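Taking it in order: structure first as structure tokens, then the write-up.
Number of protein chains: 2
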Amino acid sequence: MAKKKLEEVDLSTEEKIKDAARRVFMKKGYAATRTRDIAEAAGINLALLNYYFRSKEKLFELIMLEKLAKFFGAIAPILNDTNATLDQKISAFSNNYIDLLTANPELPLFILSEVRANPERFVNKLPVAKVAESHFIQQLQEKRPDVHPLHFLMNVLGLSVFPFVMKPVFHASGILNERAFAARMEERKALIPKWIMGMLKTK
Amino acid sequence: MAKKKLEEVDLSTEEKIKDAARRVFMKKGYAATRTRDIAEAAGINLALLNYYFRSKEKLFELIMLEKLAKFFGAIAPILNDTNATLDQKISAFSNNYIDLLTANPELPLFILSEVRANPERFVNKLPVAKVAESHFIQQLQEKRPDVHPLHFLMNVLGLSVFPFVMKPVFHASGILNERAFAARMEERKALIPKWIMGMLKTK
DNA sequence: GTCTATAACCTGATAGAC
DNA sequence: GTCTATCAGGTTATAGAC
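Laid out in structure tokens, this is it:
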């Protein structure tokens, strides 16, 4: 059997639409996406989109739930591992999360952009409580009761995520190409734990 | 004379429209903004918007240029002050920039969201060269020739900016209210220089 | 300069044939 | 299940009266 050009050729129609919706929503955001774009990207007719998913809104919510689970789901388990030391948690996090984001570079900015554009939609729907009250937070409080633990959580997260958030800016500026960006992110896997452990000692 | 309810009542029509455009574009982004929203927010008629600014696109570009200048313009002068030490640059940056962002909390995510949604529009239009080739970068290279200077630039920027990027998420989660956020950001002004100077010593 | 009215087009969604 | 055709409503932009 000849190799197919598009990898989704053999998928069900429903999956073809979801696949296309992931690509188009991620690239342009909810507001700028037209259902016709998704239909075209899926290689199907516009009517089929509504046949399977009822509306643009419902389809978007489906995709968004997936993306939220991917973005937040990877954090809580690591930070709540009660057998891991602070150092181990930070290492595990930066390694795993940078891998996740390298495979899904537009994930953070997609979520952040949509939350900003439509905060009401996300009220009480963001699974961050497990992170904000994690075992990691407790360890931080023990280690440095003089500094609010949120600072260190923000830093671990930010040092890993922020480069991906800035990526479109660097790319549009022509400052940092794809290969160089990947190299820097690979270096950060080992650097971030050192930096954060240093912060925890800084008086 | 009685005090006016809205501060822009006495402005020229052109300024009223620009003021409204700033608010609406910043809140909803380009794609989700309707010119009718802007006209209504400005208290004028829809036709006047086109009379003064020709099109939604032109009006947006005007506002975006302002915002880009604000966001990037504050960085380069500090990082290119050839009389300042590394430590002084970092302190000046985190203090000034956190003040700027506290006064304009939606600024970073507005720009990042729009660049992501429409990268072509911004190619060669982002004034970041003066930052990427700054005196600060030279100092970093001298101090730590073993680590790519972009890491430290990214960290100084990220530690200041990332909390504002995450703000909508924290807010929608109910984790962090306005007052607590402001308190943390005030603390970070002094913390960030310590953290970064620590990083520069970490082997 | 400012308004109302409307043109010209676009978008999400559905009806109905196959 | 899948398509074509089309509806209903919304959106940008302009014409023309005042």
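Protein chains in written order, with the numbering used here: chain A, 63 to 265; chain B, 63 to 265.
All C-beta atoms, glycine included, are put in the ideal place defined by N, C-alpha and C.
All values reported here derive from a predicted model rather than from experimental measurement.
Alpha-carbon to alpha-carbon, G260/A and I137/A: 22 Å
Against chain B: residues of the segment 223-234 of chain A by CB proximity under 8 Å: Closer than 8 Å at the C-beta level to chain B, one finds these residues of the segment 223-234 of chain A: V223, F224, P225, V227, M228, P230, V231, F232, H233 and A234.
Proximal residues of chain B, C-beta to C-beta of K239/A below 7 Å: Checking the sequence shown, residue 239/A turns out to be Asn, not Lys. Within 7 Å Cβ-Cβ: nothing; N239/A doesn't reach chain B, min ~12 Å.
Collapsed DSSP secondary structure at D99/A in the structure displayed: helix
Simplified DSSP state of G236/A, which is helix, strand or coil: G236/A sits in coil when the DSSP states are folded into three classes, being neither helix nor strand.
Nearest-angstrom Cα separation, counted from K205/A out to T147/B: Taking the straight line from one Cα to the other gives about 31 Å.
Burial state of R178/A, where buried means 16 or more other Cβ atoms lie within 10 Å: buried
DSSP state of N3/A mapped onto helix, strand, coil: Nothing can be reported for residue 3/A, as the shown portion of chain A is limited to 63 through 265.
Run of the alpha helix (DSSP H) containing T264/B, from where it starts to where it stops: Run containing T264/B: none; DSSP gives neither H nor E here.
Contact set for N217/A: own chain, Cβ-Cβ below 7 Å, skip 5 residues either direction: I258 and M261
Range covered by the alpha helix (DSSP H) that runs through P170/A: L169 to A179
Under 8 Å between C-beta atoms of M247/B and T164/B: yes
Reference K251/A, options I160/A, L238/A and P211/A, closest by Cα: Per the C-alpha coordinates, the member of I160/A, L238/A and P211/A positioned closest to K251/A is I160/A.
CB contact below 8 Å: K90/B versus chain A: yes
Residue environment, Y92/A, which counts as buried when at least 16 other CB atoms sit within 10 Å: buried
Under the three-state DSSP convention, the category H210/A falls into: coil
Reference H213/B, options A244/A, A94/A, N142/A and D99/A, closest by Cα: Cα-wise, what sits closest to H213/B is A244/A.
Spatial distance of N107/A from F115/B (CA atoms): If I take the Cα positions, the gap works out to 38 Å.
Three-pair Cβ contact test at 8 Å for the segment 166-183 of chain A versus the segment 124-134 of chain A: yes
Three-way DSSP call (helix, strand, coil) for E128/B in this model: helix
Helix, strand or coil at D161/B according to DSSP, with G and I counted as helix: helix
Beta-carbon proximity list for D149/B, same chain, < 7 Å, skipping 5 on both sides: P255 and M259
E249/A: contacting residues in chain B (beta-carbon distance under 9 Å): V209, H210 and H213
Inter-residue spacing [alpha-carbon to alpha-carbon] between L219/B and N142/B: 15 Å
8 Å Cβ cutoff met for A234/B and F133/A: A234/B is not a Cβ neighbour of F133/A, given a cutoff of 8 Å.
Min CB distance A194/B to chain A below 8 Å: yes
Pick from L124/A, I79/A, P139/A and A154/A that is closest to Y113/A, judged by C-alpha positions: I79/A
Within chain A, the residues that R98/B reaches when beta carbons sit closer than 7 Å: Under the 7 Å cutoff, chain A gives no residues; its nearest Cβ is about 15 Å from R98/B.
Own chain residues within Cβ distance below 7 Å of K229/A, not counting five before or after: P167 and F243
Interfacial residues, the segment 169-185 of chain A to chain B, with Cβ spacing under 7 Å: If the cut-off is 7 Å between Cβ atoms, the segment 169-185 of chain A has L171, L174, S175, V177, R178, A179, P181, F184 and V185 near chain B.
Spatial neighbours of F122/B in its chain, beta-carbon cut-off 7 Å, leaving aside the 5 residues before and after: F87 and Y92
Three-way DSSP call (helix, strand, coil) for P189/A in this model: coil
Host alpha helix (DSSP H) of D72/A (start-end): From DSSP, D72/A is part of no alpha helix (DSSP H); its letter is neither H nor E.
Coil, strand or helix - S153/B by DSSP: helix
Under the three-state DSSP convention, the category I79/B falls into: helix
Within-8 Å CB hit, F261/B to chain A: Correcting the residue type first, residue 261/B is Met in the shown sequence and not Phe. Closer than 8 Å: yes.
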